[in-house]
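If you read the protein sequences in the order shown, they are chains A, B and C. Position 49 (the first sequence) corresponds to 49 in UniProt numbering; numbering is contiguous. Position 100 (the second sequence) corresponds to 100 in UniProt numbering; numbering is contiguous. Position 58 (the third sequence) corresponds to 58 in UniProt numbering; numbering is contiguous. Built from N, CA and C at the ideal position, the CB exists for glycine as well. Given the structure is predicted, the values throughout are model-derived calculations rather than measurements. Read the structure below first, then the notes.
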Amino acid sequence: MSNAPLLDSAVSDQLYVEVQRFYAVHMHLLDEGEAERWAATFTEDGTFEAPALDEPVRGRAALAASIRHGAAEREAAGEVHRHWHGMITVAVRSDGALAVRCYALVFASPKGGPSRLHRVCVCEDVLVREGGGLRVRSRYVTRDDMPVTARRAG
Amino acid sequence: MSNAPLLDSAVSDQLYVEVQRFYAVHMHLLDEGEAERWAATFTEDGTFEAPALDEPVRGRAALAASIRHGAAEREAAGEVHRHWHGMITVAVRSDGALAVRCYALVFASPKGGPSRLHRVCVCEDVLVREGGGLRVRSRYVTRDDMPVTARRAG
Amino acid sequence: MSNAPLLDSAVSDQLYVEVQRFYAVHMHLLDEGEAERWAATFTEDGTFEAPALDEPVRGRAALAASIRHGAAEREAAGEVHRHWHGMITVAVRSDGALAVRCYALVFASPKGGPSRLHRVCVCEDVLVREGGGLRVRSRYVTRDDMPVTARRAG
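Right, dumping it as C-alpha cells:
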C-alpha cells in the first residue's frame, strides 16, 4: 500500500480547517485560470508532480505557465474543469511541515454537453507556512486509472 | 473570470464550520423533499436563481413550491437526487453578510439503474444570520455545461 | 422520507471536525485494504449493514474479512475504489452516542480505463468514543439505486 501517512495526527482542529480552506481557495484559483495567484499558493520553488507530466514542474513561473497552458487547452476544447479535494488527512512531519494525503476529483463539463467525472486521484502535498499562510512545497499526484510511478521530486 | 469573491477571509474557523454544517442540513432537507423545512433555511424573501429557472424564485412559499414540484418530477421519474456542496469559500461583505462561493454537484440515481453525475455547478450564496442560524438571502447558481447568463436577482 | 435525524445539533464545532477527520482516515484505510486497521475503527462488536450484504456484518474479525474479500475482488478486477463521505450531519442521541447521517460516494477506476461514479449512498452511523477516539458502533448504508430495505441490525 501507499507509504503516505494514513494517520491524521498532532494537528489541531483549527489547522485542519485552515487546510480545508486553503484547498478551497487554491482550487477556485486553479479552475478560474488565475495562474499567478494560483502559483503564489506554492512556495517559490514549489514542485508539482503528476502522471501526465513528463517531469515535475518546479517553481512559481513554471507552475503558472502550466496552468495557463491547461486553461488555454480547456478553452479551446470548450470545457470547464472543477477540482475537488476531500477525505483530507493531515500529519505533522519531523521537520514541522504538514504531510497531507487526500483524494482529488476532476469534473469536466463541455458547453452544451453532459458533465462527466474526468479523474480520480490521490494528492500528497507537503505544506509549509509562509507569510502567515499555507503554501504547497511539493505535490505528488497519482491517478487511480494509471499505474503508480516512482516519485521523482519533493 | 467570475466576479465572485475568490478569497476566503475575515471569517473565523467556527463560522466556516458553521457554514459547512448549514449546507449539510440544507441539502439533506432538499434531497428528502422537506419543502417547508428547506425553504425555512432561506430568508422570508430569499431568492434562488439558476439557469433552468425562467426567472428567479423569490420567497419561502415559492421556494417550497419549487421543491415540491422537483420532488414530484423525480418521484415520477423514479430517480433520487443528491446535492453536494464543496470547496467552500466564505468572505464577509461590507454589509456584514457572508458571500459564499462553492462548487455544487448533483448526483442522480434511477431505481435499478446506474447512478450518474447529473450536474456540476458553482453556487454563489449570500448568507445572513437570523434567529441564531444562517439563512440564504440570495442564491445564484451557474451550470458548467451552460453559458453563464447575466444575473437578475440578489 | 428517512427517519434518520436530519438536524445537526448539540454538537460542538470541535466534535464536528473530529467526525470529518475520523471519516477521512477511515476511508483511506478502507481504500488501501488495511483490513485490521479499518476494522479497528469500529467497536469490537460493530455492525455494518448494506444492501449488497446478505446479512449484517458483525464484529471486527468479520469486518476485516469482508474488506480483505472486497480488496481481493478489486485487485482481480484491476480496479481501484475510493469512498467519499460528505454532507455530514451529526446529532447527539439520548444515550450520548452520535447519530451521523451523511452521503457516501464510491468511485471506481479500472487501470487504463476511465474512472466512473460507482455508487451514491446514504450512510447512517452510530459513533461512540472509545480509548479517546471515535468508533463506529453500527453502520446502515442505503444505495440510491436500490429500494430501501428494512433495517436488521444496529
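Query raised in the report: Any Cβ of chain C within less than 8 Å of the Cβ of A:Asp144?
Result: yes
Query raised in the report: Which partner residues of A:Phe42 appear in the DSSP bridge assignment?
Result: Bridge partners of A:Phe42 according to DSSP: A:Val136.
Query - Endpoints, the beta strand (DSSP E) within which C:Glu130 is located - result: 116 to 130
Query raised in the report: For residue 155 of chain B, which of helix, strand or coil comes out of DSSP?
Result: Here chain B has residues from 1 to 154 only, and residue 155 of chain B is not among them.
Report task. Please classify C:Asn3: is it buried, with 16 or more other beta-carbons within 10 angstroms of its beta-carbon, or exposed? Result -> Residue placement at C:Asn3 is poorly supported in this model, since its pLDDT is 44, which falls under 50; the coordinates still yield a value, given next. Label assigned to C:Asn3: exposed.
Query raised in the report: In chain B, which residues lie with their C-beta within 8 Å of the C-beta of A:Pro110?
Result: Asp145
**Report entry** Inter-stretch contact (C-beta, 8 Å, three-pair minimum) for the region 128 to 142 of chain A and the region 42 to 53 of chain A
**Finding:** Because the criterion of three Cβ pairs below 8 Å is met, the region 128 to 142 of chain A and the region 42 to 53 of chain A touch.
Query raised in the report: Can you check whether the CB of C:Arg101 is closer than 8 Å to the CB of C:Val122?
Result: yes
Report task. Please confirm whether C:Ala71 and C:Glu36 have their CB atoms less than 8 Å apart. Result -> no
Query raised in the report: If we cut at 8 Å on Cβ distances, does A:Arg58 have a partner in chain C?
Result: no
Query - Residues near A:His83 in its chain [Cβ-Cβ closer than 7 Å; skip 5 each side] - result: Met27, Leu30, Asp31, Ala104, Val106
**Report entry** Segment limits, beta strand (DSSP E) that includes A:Ser94
**Finding:** No beta strand (DSSP E) contains A:Ser94, which DSSP labels as neither H nor E.
Report task. Using the DSSP secondary-structure output, state which residues sit across from B:Pro56 in a beta bridge. Result -> Paired residues: none, contrary to the question.
Query raised in the report: For the alpha helix (DSSP H) that contains B:Glu32, what are its first and last residues?
Result: Counting along the chain, B:Glu32 falls outside any alpha helix (DSSP H), and DSSP gives it neither H nor E.
**Report entry** Residues in the region 51 to 77 of chain A having any Cβ partner in chain C nearer than 7 Å
**Finding:** none
Query raised in the report: When you compare only the Cα positions, how much space is there between A:Asp8 and C:Asp8?
Result: Their backbone Cα atoms lie some 24 Å apart in a straight line.
Query raised in the report: Could one say the Cβ of B:Pro5 lies closer than 8 Å to chain C's Cβ atoms, at least one of them?
Result: Interpretation of B:Pro5 is limited by its pLDDT of 46, a score under 50 that renders its predicted location unreliable; the figure taken from the coordinates is listed afterwards. Not an interface residue.
Query - Buried or exposed (CB count within 10 angstroms, at least 16 for buried), A:Glu124 - result: Counting every other CB atom within 10 Å of its CB across the protein chains shown gives A:Glu124 a total of 16 or more, marking it as buried.
Query raised in the report: Are the beta-carbon atoms of A:Val19 and A:Ile88 separated by less than 8 Å?
Result: Cβ atoms of A:Val19 and A:Ile88: closer than 8 Å.
Requested in this report: Could you confirm whether any beta carbon from chain C is found closer than 8 Å to the beta carbon of B:Ala150?
Outcome: With 8 Å as the cut-off, B:Ala150 does not count as an interface residue toward chain C.
Query raised in the report: By Cβ distance below 7 Å, which residues in the same chain neighbour C:Glu129 in space, the five residues on each side in sequence not counted?
Result: As written in the sequence, residue 129 of chain C is Arg, which differs from the Glu given in the question. Nothing listed; no residue qualifies.
Requested in this report: For A:Thr47, write down the residues that DSSP places opposite it in a beta bridge.
Outcome: A:Arg58, A:Ser138
Query raised in the report: Checking contacts by CB at 8 Å: is B:Arg82 closer than that to chain C?
Result: yes
Report task. Tell me, please, which residues DSSP counts as bridged to C:Phe22. Result -> Answer by DSSP bridge pairing: none, since C:Phe22 is not bridged.
Report task. Take C:Asp145 and list the residues in its own chain whose beta-carbon comes closer than 8 Å to its own, dropping the five residues that flank it on each side. Result -> Arg119, Val120
Query raised in the report: Along chain C, in chain order, which residues have C-beta atoms closer than 7 Å to that of A:Tyr16?
Result: Per Cβ cutoff of 7 Å: Val17, Arg21.
Report task. Pick helix, strand or coil for C:Ser66, following the three-state DSSP scheme. Result -> helix
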